[in-house]
Structure formats: C-alpha cells, structure tokens
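K.L.:
Here it is, the structure in full.
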Amino acid sequence: MNWYEDHILPRIIDWTMSHREVMKIREKFVTGLEGKTLEVGFGSGLNLPFMPEAVTRLIAVDPAKLGRKLAKKRLAQFSRPVDFIDLEPSGRLPLEDSSVDSVLSTFTLCTIADLNQALEEILRVLKPGGRLVFVEHGLSPEPHIQKWQMRINPCQKCIGGGCHLNRKIDDFIANVGFDLVELNNFYAKGPKPWSYLYQGWARKPFGN
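Residue 77 is where the sequence shown starts when you use the working numbering, and the numbers rise one by one after that.
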C-alpha cells in the first residue's frame, strides 16, 4: 500500500461510508452471522453496531491499519472479542481450514486485486454449511450505465484504492464454488454508476 492508501484513503472511506443511507443498508443487511465470524474489509468498524448477537467472536482483516485507530470508539462499545489478523505475503489468511462459522463482506470485494484468490481463501476457512454474507456494489445490468462504469473505472481504481465499478459480484462468488442462496440487486440512493448493489448470502457446500 502507498502513503495515500495507508493514511488518507481510510479517512475518506470512513467519512463517505458512514453516510446515513449507507448505514441504513448495513443495519438492514448485516444479518445471518453467527459464532466465530470473519469480517473481510473491517475498515473502521462501521458494521460493529449491527453485528448480530449470535456472533461470539469477530476476526477482522484489513490492509489499512489506520482503520483500527478510527474504530477505537466502536470497538470500545462492542461487547465481544475482536481479533485482528494480517494477510500473509502470499495472500493467504492465517487461519485453519474450516475454522470460522460465517464471513461478512460489505463494500470490499470491489477493491481486492485478486478477487478469485480472496474468495477461494474465504471458502477454505469457512466451515461447510457456513455463510458468506455480502453487500457490494458492482456492474449494473443497464448497458448505458455499464458504459459509464467502464469509462470511469480506471480513475475510480486510482482514487479508490483499487475499487472497481464493473465487477459482477455474484459470478465471482459462484465461480469459486459457493452455492448462491439469496441475491438481491437494486440501486441505492446516489449516482447509478456507483450505486448498483449486490446483496445476499452464499453457502459453502458440504463436502467442500
């Protein structure tokens, strides 16, 4: 990560992604998690107030360490243990196979450089039958919006820490071996190139 992504971008994300409308989306859709839960893209802990009571321990991973400092007050109000982990240089999660009960990702899968590897790692550490709960923005089905997403995407990646506007999130999740159980697509409030959402959950198949 460069200086901008390490010191400036986390503050911008904390401010923009704590907007009232985004927090309403978090409150509504951060559900269905239980037990030991891995949050991919913990950021500044914006999901902590909405974490279900069934979550007994949270494992948090995010490359920007500043987010942990920005999350200080939210962490102080969170009643369950939180363990911070760092990715290994290979991109591997330092967790055993089938060792977490559920996984949460909100507005994160757009930024990961090797998304297939990341989802394969999530699949590896999740217990059979466990849930991946996600709320992500991505590729619109409307051709004229797609054109704008393609045009804007190079600039978006530069200023957004690698954020892509043109990923079809459900295809990525299904292609690594998850069973996609529920998917809802809709536009949130805001400019359409940035606001088309993929919300739902996927299950790790038994025997995987």
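Even glycine gets a Cβ: it sits at the ideal position worked out from N, Cα and C.
Nearest CA to the CA of asparagine 78: which residue from Gly111, Ala140, Phe183, Arg133?
P.N.:
Within the sequence shown, residue 78 is the residue found at index 2, counting from 1. For the residues Gly111, Ala140, Phe183, Arg133, the minimum Cα distance to asparagine 78 belongs to Ala140.
K.L.:
Can you tell me whether glycine 111 is buried or exposed, with buried defined as 16 or more other CB within 10 angstroms of its CB?
P.N.:
Indexing the sequence shown from 1 puts residue 111 at position 35. Counting Cβ neighbours within 10 Å, glycine 111 comes out exposed, since fewer than 16 surround it.
K.L.:
Less than 7 Å separating the Cβ of tyrosine 80 from some heavy atom of the ligand MG?
P.N.:
You won't find the ligand MG in this model; it holds no ligand whatsoever.
K.L.:
With distance defined between alpha-carbon atoms, name the residue in Arg144, Leu208, Gly237 nearest to serine 174.
P.N.:
On the sequence shown, residue 174 is found 98 positions in, with the first residue counted as 1. For the residues Arg144, Leu208, Gly237, the minimum Cα distance to serine 174 belongs to Leu208.
K.L.:
Going by alpha carbons, who is nearest to tyrosine 274 out of Pro281, Asn251, Asp247, Thr132?
P.N.:
Reading the sequence shown from its first residue, position 198 is the one you call residue 274. The shortest C-alpha separation from tyrosine 274 is found at Asp247.
K.L.:
Name the residue from Pro230, Met93, Gly117 whose alpha carbon lies nearest to the alpha carbon of aspartate 162.
P.N.:
Position 86 of the sequence shown, counted from the start, is the residue given in the question as residue 162. Minimum Cα distance to aspartate 162 is reached at Gly117.
K.L.:
Could you tell me the boundaries of the alpha helix (DSSP H) in which glutamine 232 lies?
P.N.:
Here residue 232 refers to the residue found at position 156 of the sequence shown. It spans 219-235 - the alpha helix (DSSP H) in which glutamine 232 sits, taken as one unbroken run.
K.L.:
Just mark proline 86 as buried or exposed, buried being the case when its beta carbon has 16 or more other beta carbons within 10 Å.
P.N.:
Looking up residue 86 in the sequence shown gives position 10. Classification of proline 86: buried, given that the 10 Å Cβ count is 16 or more.
K.L.:
Quick one: what's got a C-beta closer than 6 Å to valine 131's C-beta in the same chain, skipping five residues either side?
P.N.:
In the sequence shown, residue 131 corresponds to position 55, counting from 1. So the list reads Leu109, Thr113, once near-sequence residues are dropped.
K.L.:
Within 10 Å of its beta-carbon, does isoleucine 135 have 16 or more other beta-carbons around it, so buried, or fewer, so exposed?
P.N.:
Residue numbering aside, residue 135 sits at position 59 when the sequence shown is read from its first letter. The residue is buried, with at least 16 neighbouring Cβ atoms inside 10 Å.
K.L.:
So who's on the other strand from tyrosine 263, going by DSSP bridges?
P.N.:
Numbered from 1 along the sequence shown, position 187 holds the residue referred to as residue 263. Paired residues: Tyr272.
K.L.:
Look at the Cβ atom of isoleucine 188, then the Cβ atom of glycine 214, and state whether they are nearer than 8 Å.
P.N.:
Position 112 of the sequence shown holds residue 188. Position 138 of the sequence shown holds residue 214. No, the pair does not count as a contact, with Cβ atoms beyond the cut-off.
K.L.:
My output table needs one value for proline 204: the three-state DSSP class, helix, strand or coil.
P.N.:
Along the sequence shown, one-based indexing puts residue 204 at 128. Reduced to three states, the DSSP call for proline 204 is strand.
K.L.:
Leaving out the 5 sequence neighbours to the left and right, which residues in its chain are closer than 7 Å to glutamate 164 when beta-carbon positions are compared?
P.N.:
As a first step, residue 164 must be located in the sequence shown, where it is residue number 88. Excluding positions up to five away in sequence, the list reads Pro170.
K.L.:
Let me check understanding here. Comparing Cα to Cα, which of Pro269, Tyr80, Val176 lies closest to glutamate 115?
P.N.:
On the sequence shown, residue 115 is found 39 positions in, with the first residue counted as 1. Ranking the options by Cα distance to glutamate 115, first place goes to Val176.
K.L.:
Can you confirm whether the segment 247-258 touches the segment 186-200 when touching is taken to mean that 3 or more C-beta pairs between the two stretches lie within less than 8 Å?
P.N.:
As far as the Cβ criterion goes, the segment 186-200 touches the segment 247-258, which means the pair count is three or higher.
K.L.:
Using the C-alpha atoms, what's the distance from serine 155 back to lysine 148?
P.N.:
By one-based count along the sequence shown, residue 148 stands at place 72. By one-based count along the sequence shown, residue 155 stands at place 79. Taking the straight line joining both Cα atoms gives about 13 Å.
K.L.:
DSSP three-state label for glutamate 103, please.
P.N.:
To locate residue 103, count along the sequence shown from 1; it is residue 27. Note: glutamate 103 maps to helix in three-state DSSP.
K.L.:
Ignore the nearest five residues each way along the sequence and tell me which others in aspartate 82's own chain have a CB closer than 8 Å to its CB.
P.N.:
The residue given as residue 82 occupies position 6 in the sequence shown. Excluding sequence neighbours, aspartate 82 sits near Ala140, Lys141, Leu142.
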